[in-house]
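Take 37 as the starting number for the sequence shown in the working numbering and just add one per residue.
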Amino acid sequence: MARSRPVPNPDLVALGPKLDKPGRDKLNRLGLIESTRQGNRLVHELTDKGWRTCRDLVTAGPPPRAAGAAKTLYTVLGALGRYLDGADLSLADVFGYTDDVLTLDDRIRRAYVDLAPRPGGWVSLTTLRSAVPDADRADVDAALRTLYRQPGVSLIPEENQKVLTAADRDAAVDIGGQPKHLIAIEG
Numbered sequence: 037m038a039r040s041r042p043v044p045n046p047d048l049v050a051l052g053p054k055l056d057k058p059g060r061d062k063l064n065r066l067g068l069i070e071s072t073r074q075g076n077r078l079v080h081e082l083t084d085k086g087w088r089t090c091r092d093l094v095t096a097g098p099p100p101r102a103a104g105a106a107k108t109l110y111t112v113l114g115a116l117g118r119y120l121d122g123a124d125l126s127l128a129d130v131f132g133y134t135d136d137v138l139t140l141d142d143r144i145r146r147a148y149v150d151l152a153p154r155p156g157g158w159v160s161l162t163t164l165r166s167a168v169p170d171a172d173r174a175d176v177d178a179a180l181r182t183l184y185r186q187p188g189v190s191l192i193p194e195e196n197q198k199v200l201t202a203a204d205r206d207a208a209v210d211i212g213g214q215p216k217h218l219i220a221i222e223g
């Protein structure tokens, strides 16, 4: 729900509890999520029924034996529920997104998640640039330089320069006088 978009299985591990096969099958059977295979990864998305169930949980109050952090969480969720009711908003209004408000950095991160074999896996800038075809070359270069300075983001040159194609060389971004050909973003 918080990502408000389809989420690949490896990303769920980074976000919270692992969604194993029995849990995934149950959520699909109940109609709360839809799981689809994209390449070699499973991607999960909340259904309308899943969104309604999340909304019901916001106003459910704590379970009878809740204590400590769990009770605090339900107290905060209850306040969120009262706000949503008062403002006549849905959870999708709060957690939803539209592509037109995404920054280029966000779009590059999203493209990376879709292209990477796993979080932290290497993706060529040739492939990444093709995932944001409408973005200006200079803007993508600037966004990559900004991302490079953020924790968890790595840009490196291809170690084996002999395997680089002309397209790979053209797609490289120059950082510190060195062409970078590959990007990895941790969780």
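The C-beta atom is built at its ideal place from N, Cα and C for all residues, glycine as well.
Counted within 10 angstroms of its Cβ, other Cβ atoms place residue i as buried (16 or more) or exposed
i, result
"residue 82", "buried"
"residue 119", "exposed"
"residue 57", "exposed"
"residue 160", "buried"
"residue 117", "buried"
"residue 112", "exposed"
"residue 179", "buried"
"residue 65", "exposed"
"residue 138", "exposed"
"residue 164", "buried"
"residue 216", "buried"
"residue 46", "buried"
"residue 199", "exposed"
"residue 221", "buried"
"residue 218", "buried"
"residue 51", "exposed"
"residue 231", "What is shown of the chain runs 37 to 223, which leaves residue 231 out entirely."
Run of the beta strand (DSSP E) containing residue i, from where it starts to where it stops
i, result
"residue 210", "209 to 211"
"residue 189", "189 to 192"
"residue 215", "214 to 216"
Residue i - DSSP class collapsed to helix/strand/coil
i, result
"residue 166", "helix"
"residue 109", "helix"
"residue 82", "strand"
"residue 101", "coil"
"residue 147", "helix"
"residue 154", "coil"
"residue 72", "strand"
"residue 41", "coil"
"residue 96", "coil"
N- and C-terminal bounds of the alpha helix (DSSP H) containing residue i
i, result
"residue 179", "173 to 184"
"residue 58", "57 to 65"
"residue 130", "127 to 131"
Closest by C-alpha distance to residue i, when choosing among the options
i, options, result
"residue 89", "80, 76 and 68", "68"
"residue 168", "195, 43, 102 and 150", "150"
"residue 182", "196, 212 and 105", "212"
"residue 42", "195, 210, 77 and 101", "77"
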